[in-house]
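Novice: My questions will all concern the structure given below.
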Amino acid sequence: MPHIDLPTDAPGIGGLFHYRPQTALPMAQLAEVLLCGEHSLSRGERELIATYVSSLNDCGFCTRSHAAFAAAQLPGGMDLVRQVTDDPDGAPVTEKMKTLLDIAGAVQRGGLEVTPDHITAARKAGATDVEIHDTVLIAAAFCMFNRYVDGLAALTPEDPAVYESIAERMVIGGYLPAAAAPGG
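Counted from 1, the sequence shown has number 123 at position 123 by full-length UniProt numbering; the numbering is strictly sequential.
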């Protein structure tokens, strides 16, 4: 049960967005730019970073929802997503993605945990400065989103079908509709 009275029974951040639309729009805009905008990393890869950070933060709603979003956009589907959250070093992703996940994990522990060695490894694996920048920002933003959802005890359904349904809408429509429609 959420810690505050929400105007909807929409799960996760969707319910919180309806409670406070003034903050929902800029948060959704940030997610839209980071996860859906033009980029050298695929949408699935960026969702994978968000999923990984959310799993490290033990945020059930964000882990399940972004895992569904990533799975819907990656050739390896949910099996790949699970491999990454369970063992990123052993997962069948590129060396560049492994270094970016390593950076994201460092950000999750604390910004000062990102070292020159992380950046050097990412660059050596082919990561661009924009990819490194956006990985850090995705990780930092998801620490905020995760704490927002869990700090207010947003509704977190157990049924995977809920997340698959949300994923269908997000893959097609992006994040901005989530700031305006229940269940986003």
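From the three backbone atoms N, C-alpha and C, an ideal C-beta is built for every residue, glycine too.
Only a predicted model underlies this, so the values are computations on that prediction, with no experimental measurement involved.
For the candidate residues T63, E45, F145, whose alpha-carbon lies nearest to that of M97?
Specialist: Translated into positions along the sequence shown, residue 97 becomes position 97. Minimum Cα distance to M97 is reached at E45.
Novice: DSSP on Q29, reduced to helix/strand/coil?
Specialist: Sequence index remark: in the sequence shown, residue 29 carries index 29 (1-based). Looking at Q29 - three-state DSSP - the assignment turns out to be helix.
Novice: Contact between the segment 9-28 and the segment 136-151: three or more CB pairs below 8 Å?
Specialist: yes
Novice: From this set, Y163, R109, A125, which residue's C-alpha is nearest M78's C-alpha?
Specialist: As a working mapping, residue 78 is identified with position 78 in the sequence shown. Residue Y163 is the option with its Cα nearest to M78.
Novice: Between which residues of its own chain and L152 is the CB-CB distance below 8 Å, once the five residues before and five after are set aside?
Specialist: Stepping through the sequence shown from its first residue, residue 152 is reached at position 152. Exclusion of the five residues before and after L152 leaves P2, H3, I4, L16 as the residues of its chain whose Cβ lies within less than 8 Å of its Cβ.
Novice: Can you tell me whether S65 is buried or exposed, with buried defined as 16 or more other CB within 10 angstroms of its CB?
Specialist: Locating residue 65 in the sequence shown gives position 65, where the first residue counts as 1. A residue is called buried when at least 16 other Cβ atoms come within 10 angstroms of its Cβ; S65 meets this threshold and is buried.
Novice: Where does Q22 land, buried or exposed, given buried means 16+ other C-beta within 10 angstroms?
Specialist: What you label residue 22 is simply residue 22 of the sequence shown in a count that begins at 1. The residue in question, Q22, is exposed, as its Cβ has fewer than 16 Cβ neighbours within 10 Å.
Novice: Does the beta-carbon of G184 have 16 or more other beta-carbons within 10 angstroms, so that it is buried, or is it exposed?
Specialist: Translated into positions along the sequence shown, residue 184 becomes position 184. Confidence is the limiting factor: at G184 the pLDDT is only 44, short of 50, which leaves the residue's position unreliable, though a coordinate-based value still follows. Classification of G184: buried, given that the 10 Å Cβ count is 16 or more.
Novice: Pull up the distance between the alpha-carbon of V33 and that of R109, whole angstroms please.
Specialist: The residue you call residue 33 lines up with position 33 of the sequence shown. The residue you call residue 109 lines up with position 109 of the sequence shown. Rounded to whole angstroms, V33 to R109 spans 24 Å at the Cα level.
Novice: So, with DSSP's three-state summary, where would you put G77?
Specialist: The residue you call residue 77 lines up with position 77 of the sequence shown. Correct three-state label for G77: helix.
Novice: Can you look up residue 208 in the DSSP assignment and give me helix, strand or coil?
Specialist: Shown here, the chain extends from 1 to 184; a query on residue 208 therefore has no answer.
Novice: Tell me where the alpha helix (DSSP H) around P177 begins and ends.
Specialist: Mapped onto the sequence shown, residue 177 falls at position 177. Per DSSP, P177 belongs to no alpha helix (DSSP H) and is neither H nor E.
Novice: Report yes if the CB atom of A70 is closer than 8 Å to the CB atom of Q83, and no otherwise.
Specialist: Counted from its first residue, the sequence shown places residue 70 at position 70. Counted from its first residue, the sequence shown places residue 83 at position 83. Contact flag unset, no.
Novice: Could you spell out where the alpha helix (DSSP H) holding S42 opens and where it closes?
Specialist: Walking along the sequence shown from the start, residue 42 turns up at place 42. Segment: none, S42 is in no alpha helix (DSSP H) and carries neither H nor E.
Novice: Count the other CB atoms within 10 Å of the CB of I172; is the residue buried (16 or more) or exposed (fewer)?
Specialist: Taking the first residue of the sequence shown as 1, we reach residue 172 at position 172. Burial call: exposed.
Novice: Hey, quick one: how far does the alpha helix (DSSP H) through T135 stretch, first residue to last?
Specialist: Here the question's residue 135 lines up with position 135 in the sequence shown. From DSSP, the alpha helix (DSSP H) with T135 extends over 129-151.
Novice: The alpha helix (DSSP H) spanning H3 covers which residue range?
Specialist: Against the sequence shown, residue 3 aligns to sequence position 3. Where H3 is concerned, there is no enclosing alpha helix (DSSP H), given that its DSSP letter is neither H nor E.
Novice: Within its chain, find whatever has a CB closer than 8 Å to the CB of G118; leave out the 5 residues flanking it on each side and keep chain order.
Specialist: Locating residue 118 in the sequence shown gives position 118, counting from the first residue. What sits at residue 118 in the sequence shown is His, not Gly. T99, D102, I103, A106, listed in sequence order.
Novice: With H, G and I counted as helix, E and B as strand and the rest as coil, what does DSSP make of C62?
Specialist: Counting from 1 along the sequence shown, the entry for residue 62 is found at position 62. It is helical.
Novice: Between which residues of its own chain and A121 is the CB-CB distance below 8 Å, once the five residues before and five after are set aside?
Specialist: As a first step, residue 121 must be located in the sequence shown, where it is residue number 121. So the qualifying residues of the chain are T99, D102.
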